[in-house]
Every structure is written in C-alpha cells, then in structure tokens.
Amino acid sequence: MSTTPPRPVPSPGCPVHRLYGPEAEADPVGLYEKLRAEYGPVAPVLVHGDLPAWLVLGHRENLDVARTPSRFSRDPRRWRERQEGNVPPDHPLSPMTAWQPVCHMVEGAEHERLRGAITDSVERFDRRGVRRYVKRFADQLIDSFVESGRCDLVADFAEPLPMLVMTQLVGAPESYGPRLVEAARDVIRGTETALVSNELMTTTLQELVARKRRSPGRDFTSWILEHEAGFSDAEAVEHLRLVLIAGFETTANLIANTLRLVLTDTRFRANLSGGQMTLPDALEQVLWNEPPLMTVIGRWAAGDTELAGARIKSGDMLLISPGAGNRDPEVRPDPAAPMHGNRSHLAFSSGPHECPGQDIGRAIADTGIDTLLARLPDLELGVAEGELEWVSSLMTRHVVALPVRFAPRGVKGTGSSPVPPRPVPSPTGAGTAAGAASRTSWWRRLLGRA
1 MSTTPPRPVP SPGCPVHRLY GPEAEADPVG LYEKLRAEYG PVAPVLVHGD
51 LPAWLVLGHR ENLDVARTPS RFSRDPRRWR ERQEGNVPPD HPLSPMTAWQ
101 PVCHMVEGAE HERLRGAITD SVERFDRRGV RRYVKRFADQ LIDSFVESGR
151 CDLVADFAEP LPMLVMTQLV GAPESYGPRL VEAARDVIRG TETALVSNEL
201 MTTTLQELVA RKRRSPGRDF TSWILEHEAG FSDAEAVEHL RLVLIAGFET
251 TANLIANTLR LVLTDTRFRA NLSGGQMTLP DALEQVLWNE PPLMTVIGRW
301 AAGDTELAGA RIKSGDMLLI SPGAGNRDPE VRPDPAAPMH GNRSHLAFSS
351 GPHECPGQDI GRAIADTGID TLLARLPDLE LGVAEGELEW VSSLMTRHVV
401 ALPVRFAPRG VKGTGSSPVP PRPVPSPTGA GTAAGAASRT SWWRRLLGRA
C-alpha cells in the first residue's frame, strides 16, 4: 500500500502571506481558507513589520496549542524576534506582546496565584445583579434614541453597553466609559496610536486602583485587591486592563454580529422570534460563525517542536485563530449546518487560559439584545445590506455601523443617564481638538443631545 509523502512545510522567513495591511484585512476569512488550502492546519505568516509567525488554522491544533503551555508558552519574553532586537519599542503589537505581570503572560505557580484571584473575584458576582445592571444601561441607551425612530446600533448600543456595565462591575465612575471604549478599541486594532491609547488606559486604571485602596467597595477591583493572592498596584492595573479590553471587544462584537444577523437573515430572525431557537442558542451560533476575536496573539514555542507537520522553532510566535478553527472542515463539514447548543467553538479559547469572564459576556449580550428587541420589535436595517462596511485588523473583524429605523416611541424613564466625562488630554499632553470633539459627540449621541 502506497502512502502520500508529507508535504513540504516552509519555515517562518520564507515569502508568505501578511496578516496585516489592506489586502489581508479586506477578506480575512478568505485568506484563512487560502492558507488552509496551501499549508493545511498550520501556516507560516507575517505580522506587522514582516515579522514571522505561525497561524494555527485547525480546530484540533488550536486546542493543542491552547491546552499545552509546556510546549506553547504565554510568556512573550520567549519571542525570539524580540530577543534578537527585531521588535522596535513602538511596534504596533507591543501593547499585546510586551511582558506584564498579568495572568495570561505567566505559567505555573504564578499563573495559579494571579488567575485564582481573577476567577474567585468573578465568581463573587451575583448573576441576577449583573443582568439588572445590563437591563438598566440598555434601557438608558435605548431611551437616548427611541424618540428619533433611527440610530446606529454599533455606536449607540453594541459598543457603549459592555463598557458601561463593566465600569460598574469594576467599581469605576460611569464617566470612565467613553475614554475606555476609545482606548480599548485602538489597542485591539494595533494602530499607530495604540501605544498612546494603552498609556491612557493605564493612567485611568491607576486612578481607579488608588481610589479603591482608599475606599474599597463591593466590586471587582476591590475584590482582587483584598484577595489572598496579594496583588500589587501594578498587577491590579494590568489585570483590570486585560479584563476591560477583552470583555469590551468580545462582547461588543458579539452584540453587533448577532444584531446584524437578526436584521439581515430572515430565517435566523424567524427561528428566533418563532421559538425554534432561543437567544442563548443564537449567541452560540454567532460565536461559531463570527467569533469576536478572529485571531489571538500570544503563544511562543517553549522549544523546538512539531505541529501538524510544521517544524516550529523555539521562540517562534504562534497565533491562535478562532476565526479559522471554527470553520475547520474536520469539525464542520457543512458550514451552513446549525450548531445550536454546541459550545465547543474556540471563541473563548481553552485550557488554563480560557476566558474566565465568558458567562458575564454572554449575560451582557443576551440581556442587552433581549431588552432591545422587546422594546423595538419593528427594527429594520436602514440601508441595503450590501452597503454595510466592515473594518478588520489582525485580531478582529466587525461591522462599522448598523443604521436602523423603527417607529418612534416614548422613553421608558429609566432614571439618571450617565454623566459626561471631563475632557481627557492625551497621555503625551498633546490632546487634539478633533479628539476632544470625538469624545464630546460620542456622549452627546449617547445622551440624545446631538
């Protein structure tokens, strides 16, 4: 019996596909499938600055990388490109790859100490209380546009809702919301201003930690500070940054992606409204089809190894890809088949670094969308589906705006609205008038004062 010889697998450094830039960002899913056809479950790619990395495309291979930290470490100090001086300090991925004293960048006993504080603090939340926060903020947001008969569900609902809820959960003033939304999105995109936005987030969270040291409360920040893990201020700041960035981006995208399907897929909406599919089932389907993070930065080979025939060298960067792994034909031979109730997708990763706040993210999306659809059941897309625009980056892909129309109706009267924040200069002291105008207009839209 003859056997097929193994295909040659190039090592990083060969001419391969960029995961950044206009061509890659125009159709990331198409690029994943092109790479899968050419290389199989693991493909050599280039990240910003044409630095070599491996993109993990297979579902099984993604789980292998996520579940075996002894082979694939989260510690970015192992990155050979940085050790060899090829990563400049202002590299766009530095906010996500520069080592910090944070649980997703350490292993072993230190990981257990830091992760234990996060998990224990998350578990202290009253889930019904979280949903009450979501309902209150969702109603406030809806009240801000319900009389106009139109809005943008991304800018006016999907993006502000998670950060408003999370600022409440971490014990921050509601006025922190807009600056954290803008900074978090910028850091995730890895733009040229990502480092400035990262510094702004750090400064804001340092203020919060100092406040909670002086006056603790019943909130996430106070709980991690009083935990037996003995968090330093620096550790607390970095973990709050991690929680807010990950929670904001994933939840905002989950809400927007689900609402887009409701507005554009008549069968999806009919199944949801007719009871054939529950809203939690709908969210899981979206997490399979359009995971909030298409690619996750942050695995480095602990030594020379092999993955699906690819020869990985010690210090190589690997990128986990929920966007590609969830479409692996080995687990989804028919991508159109429903995945109701199936939580084996990669949207929240797996293994010791699996997202600890995924149930809170689901609660924000579930309750927020349910509140919106209950109050505005006649929502219709305000433009042709083909006119919707998308923005992509190495890590994410999301719709820019979801303009909708509906019959105008009265406000519900949900109490006080969020207080507009004071003007916030850039960390460099060179805040621009355009940036200030952007922050003001964001809150004016939020409060219905445009």
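Residue numbers (my numbering): 1 to 450.
Glycine residues also receive a C-beta, built at the ideal position from the N, C-alpha and C atoms.
Annotated as distal: Ala109 and Leu319, with beta-carbon spacing of 7 Å or more.
Taking the CA atoms as reference points, Ser222 sits about 5 Å from Pro216. Around the beta carbon of Glu235, 16 or more other beta carbons lie within 10 angstroms, which makes this residue buried. Collapsing the DSSP output to three states places Gly298 in a strand. In this structure, Leu242 is the residue among Ser349, Leu263, Leu242 and Leu283 with its C-alpha nearest to the C-alpha of Cys103. Annotation: Leu93 to Leu200 spans about 16 Å, alpha carbon to alpha carbon. When DSSP states are grouped into helix, strand and coil, His17 belongs to the strand group. Beta-carbon to beta-carbon, Val154 and Ala310 are separated by about 37 Å, too far to satisfy the 8 Å threshold. Looking at the DSSP output, Cys151 shares a beta bridge with Val404. Judged by DSSP in its simplified three-state form, Arg269 adopts helix. A direct Cα-Cα distance of roughly 12 Å separates Pro292 from Asn326. If the five residues before and after Thr97 are omitted, its C-beta is found closer than 6 Å to the C-beta atoms of Pro76, all from its own chain and listed in chain order. Taking the C-beta atoms as reference points, Thr251 is found nearer than 7 Å to Ile364. Short of 7 Å from the beta carbon of Arg131, and not among the five residues preceding or following it, lie these beta carbons of its own chain, in chain order: Ala363 and Thr367.
No Cβ-Cβ contact shorter than 7 Å links Val122 with Gly303.
With a beta-carbon spacing of about 7 Å, Phe125 and Leu169 fall inside the 8 Å limit used to define contacts. Glu238 counts as buried, since no fewer than 16 other beta carbons sit within 10 angstroms of its beta carbon. Per DSSP, Ala337 is not a residue of any alpha helix (DSSP H), being assigned neither H nor E.
In the DSSP annotation of this structure, Pro52 is not part of any alpha helix (DSSP H); the continuous beta strand (DSSP E) holding it starts and ends at Leu51 to Val56. Membership of Pro89 in any beta strand (DSSP E) is not indicated, and neither H nor E is assigned to it by DSSP. With respect to Trp390, Trp79 sits apart: the two C-beta atoms are not nearer than 7 Å.
Under a 10 Å Cβ-count criterion, Arg185 is classified as buried, with 16 or more other Cβ atoms of the shown protein chains found around its own Cβ. Counting other Cβ atoms within 10 Å of its Cβ, Thr204 reaches 16 or more and is therefore classed as buried. Here Lys412 is exposed. Its C-beta has fewer than 16 other C-beta atoms within 10 Å. The C-alpha of Pro280 lies about 33 Å from the C-alpha of Leu225.
A contact between stretches requires three or more CB pairs, one per stretch, nearer than 8 Å, and the region 396-408 fails this requirement with the region 171-184.
By the Cβ-count criterion, Gly298 is buried, with 16 or more other Cβ atoms from all chains shown falling within 10 Å of its own Cβ.
CA-CA distance, Phe157 to Arg150, rounds to 12 Å. When only Cα atoms are considered, Leu244 and Met166 end up about 7 Å apart. Assigned with DSSP and collapsed to three states, Pro292 falls in coil, not helix or strand. Bounds of the alpha helix (DSSP H) holding Val122 are Gly108 to Glu123.
Buried is the label assigned to Lys212, since at least 16 other Cβ atoms lie within 10 Å of its Cβ.
Per DSSP, Pro377 lies in no beta strand (DSSP E) segment and is marked neither H nor E.
It is roughly 16 Å from the alpha-carbon of Asp316 to the alpha-carbon of Glu61.
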